[in-house]
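The next block holds one structure in the form of structure tokens; read it before the comments.
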Amino acid sequence: MKLEKFLKKQKYIVIPLFSLPSGHHITEAKINGKKGVFILDTGASNTCIDESKVKKFKIKSKKTDHKATGAGTDEIDIRLSKKNKIKVGKWRSKKLALVIMDLSHINTALNIFDIEIDGIIGSDILHLGKGIIQYDKDLLYLKSID
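Once you know that position 1 of the sequence shown is 5 in this note's numbering, the rest is easy, because the numbers rise by one and skip nothing.
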């Protein structure tokens, strides 16, 4: 039995990924009903939205003293937003917390591929949806939580 057929029987939803020459994967998602392009980052703890896209996605956020860190050594100022709706393919969650931060450094790097992202899909969604990535087929599977 093929993996896709098996996972569909387990109530997983199939989400196509687009593979960039850099090895990164992107996909479309909707935040609060607005469509955007997101990079899939298994190493990111949280799903993030670029601070320049807050109005686009109708996000209300609050200041926080927390800082984000990544592969670099610099700390990044963030804002937090609770109870957002997200839809990735047909998978959805109605109460997702988001981290709002400056992602211009990622978009600068992706500029060579003529791609601009609105945010990052992080491991919080992968955990919530019991995510499985089939790299050879460029597919993400998330288990329905409805």
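Yeah, the Cβ is synthetic: ideal placement off N, Cα and C, and Gly gets one too.
**Message:** So for Ser26, helix, strand or coil by DSSP?
**Reply:** coil
**Item:** Own chain residues within Cβ distance below 6 angstroms of Leu146, not counting five before or after
**Value:** Ile17, Trp95, Gly133 and Gly135
**Message:** Closest to Ile82 by C-alpha separation, out of Thr51, Asn88 and Phe61, would be which residue?
**Reply:** Thr51
**Message:** If you follow the alpha helix (DSSP H) that Phe167 is in, where does it begin and where does it stop?
**Reply:** For the chain, the structure presents residues 5 to 150; residue 167 sits outside this window and is missing.
**Request:** Could you tell me the distance, in whole angstroms, from the CA atom of Ile19 to the CA atom of Ser85?
**Result:** 25 angstroms
**Asked** For His109, is the classification buried or exposed, using 16 other Cβ atoms within 10 angstroms of its Cβ as the cut-off for buried?
**Response** exposed
**Prompt:** Just curious, the beta strand (DSSP E) that Leu130 is in, first and last residue?
**Reply:** Careful: Leu130 lies outside any beta strand (DSSP E), inside the alpha helix (DSSP H) at Ser127 to Leu132.
**Item:** The beta strand (DSSP E) enclosing Ile104, as first and last residue numbers
**Value:** Trp95 to Met105
**One or two residues paired with Ala33 in a DSSP bridge** = Gly40
**Message:** Whole angstroms are fine: how far does the CA of Ser23 sit from the CA of Lys87?
**Reply:** 30 angstroms
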